[in-house]
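*Asks:*
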Amino acid sequence: MKDFKDKVAFITGGGSGAGFGQAQIFSEAGCKVVIADVRQDNLDRAMEHFKRENADVHPIRLDVTDRAAYIAAADETERVYGTPPQILIQTAGVNAFGPAEASTYEDYDWIVGVNLGGVINGMVTFVPRMIRAGLGGHIVAVASLGGLGPCSTTAPYSCAKAAVINLMETYYEALKPYGIGVTCFCPGNMNTNIHEASLTRPENLRNSGYYESPEALEGYRKHNARGMDIRDVGRAILESIRQGIVISIPYENREDILRGEMRRMIDYCTPEGMARLKEQKPPTEDNEELRSLMEAAQLGWSKAKGDIDWVETDRRYTK
């Protein structure tokens with residue numbers, strides 16, 4: 001896709017953070033934009049911006065885990081703009097941090113439910129409509145560098161993002177005959193409000209093994225503030241669509257990143273490889289991003305709750 005003028009774009013998580021940045025960029029490129037978000041306050045703030053810009057943007061409140069609501073949102077999009085979207089960008093996501101061994105059923109149900117289930121719901125809802133419309137298009141799912149490799153404090157998140165990467169590559173192959181392109185966007189840290197994700201966690205999924213406090217989340221917010229600007233995220237995604245890239249990693253060293261992940265997987269396959277992995281030393285690079293994570297950890301971020309006695313003491317927050 002090269003021309004974005006008058007294309008209908010549907011963006012989940014579009015009321016704030018990376019989704020809001022994408023909505024700005026695609027609106028400025030000439031798209032008619034639907035922003036879908038679980039939080040009405042985010043939608044209201046976003047619409048204040050778009051009204052000032054006289055942009056053709058339509059808000060829909062949507063919990064991406066609610067399939068009936070997703071279908072209703074798709075119907076509303078067609079009523080407003082006359083067609084299903086030609087561009088679907090699935091950005092809505094949540095996260096919580098803590099040792100994998102402290103994870104609860106509810107941690108998995110919530111995080112995997114939004115990050116993977118929400119994308120599945122978007123694909124099942126919109127792909128048939130896009131095919132029937134016969135207008136071609138492009139579908140983007142925001143995954144993460146965290147989906148390319150393991151992280152002992154983001155097990156539900158990383159496994160969901162890994163599945164999204166596989167899912168989008170699968171749809172890339174499946175949708176070629178219909179003129180619908182597919183991109184999986186895999187960023188690292190972004191300057192978003194994902195630190196507020198727990199505000200939208202359903203009551204029935206509140207039981208968590210992870211320590212959380214306003215101080216710990218503020219430490220994580222400061223880390224996020226050092227991440228990729230949300231408008232730069234939008235620009236990177238738009239350019240990936242233009243170029244038809246399937247796996248979009250918005251960094252110059254993208255190939256080195258992937259080679260490193262593949263080397264690890266190859267090493268897992270043999271005794272010699274396992275020996276090489278054991279000999280590797282953990283990174284000791286002193287940089288601002290690593291320091292911000294360490295500062296957040298001192299406040300309890302990424303730790304288990306103190307009463308989870310099967311987790312090693314240094315992985316629990318007991319102060």
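Numbering (this note's numbering), first residue to last: 1 to 319. All C-beta atoms, glycine included, are put in the ideal place defined by N, C-alpha and C. Since the structure is predicted, the reported quantities are computational estimates derived from the model, not experimental observations.
1. Under the three-state reduction of DSSP, which class applies to R371: helix, strand or coil?
2. So what's S248 in DSSP terms, helix, strand or just coil?
3. To the nearest angstrom, how far is the alpha carbon of L277 from that of I266?
4. Any idea which residues DSSP pairs R381 with across the strands?
5. Is it true that the CB of V114 sits closer than 8 Å to the CB of V64?
6. Are the segment 284 to 299 and the segment 190 to 207 touching by the rule of at least three beta carbon pairs closer than 8 Å?
7. Just to confirm the assignment, what range does the beta strand (DSSP E) spanning I266 have?
8. In chain order, what residues of the same chain have a beta carbon less than 6 Å from the beta carbon of L88, not counting five sequence neighbours either side?
9. Considering only the alpha carbon of each residue, which of G306, S302 and L148 lies closest to G260?
10. Less than 7 Å between C-beta atoms, sequence neighbours within five positions excluded: which residues of the same chain meet that for M123?
11. Short check: CB of F20 to CB of F4, under 8 Å?
12. According to DSSP, what are the bridge partners of Y105?
13. Taking the Cβ atom as the reference point for each residue, do Y157 and N95 lie within a distance shorter than 8 Å?
*Replies:* Reading from the atomic positions:
1. Residue 371 falls outside the range modelled here, since the chain spans only 1 to 319, and no answer is possible.
2. One-based indexing of the sequence shown puts residue 248 at position 248. Reduced to three states, the DSSP call for S248 is strand.
3. Translated into positions along the sequence shown, residue 277 becomes position 277. Translated into positions along the sequence shown, residue 266 becomes position 266. Those two C-alpha atoms are separated by around 10 Å.
4. Because residue 381 is not part of the residues shown, which for the chain are 1 to 319, the question remains open.
5. Indexing the sequence shown from 1 puts residue 64 at position 64. Indexing the sequence shown from 1 puts residue 114 at position 114. Yes, these two residues count as a Cβ contact at 8 Å.
6. With a cut-off of 8 Å on Cβ pairs, the segment 284 to 299 is not in contact with the segment 190 to 207, counting fewer than three such pairs.
7. Indexing the sequence shown from 1 puts residue 266 at position 266. Looking at the DSSP string, I266 is not in any beta strand (DSSP E); the run it does join, the alpha helix (DSSP H), is R254 to D267.
8. Here residue 88 is taken as the residue at index 88 of the sequence shown, counted from 1. Contacts found: F10, F126 and I139.
9. Position 260 of the sequence shown, counted from the start, is the residue given in the question as residue 260. G260 has its Cα closest to that of L148, out of G306, S302 and L148.
10. In the sequence shown, the residue the question calls residue 123 occupies position 123. Answer for M123: Y171, listed in chain order.
11. Counting from one through the sequence shown, the residue named residue 20 turns up at place 20. Counting from one through the sequence shown, the residue named residue 4 turns up at place 4. Cβ distance not < 8 Å, so F20 and F4 don't count as in contact.
12. If you number the sequence shown from 1, residue 105 lands on position 105. DSSP output for Y105 lists no bridge partner at all.
13. Here the question's residue 157 lines up with position 157 in the sequence shown. Here the question's residue 95 lines up with position 95 in the sequence shown. Yes. Within cutoff.
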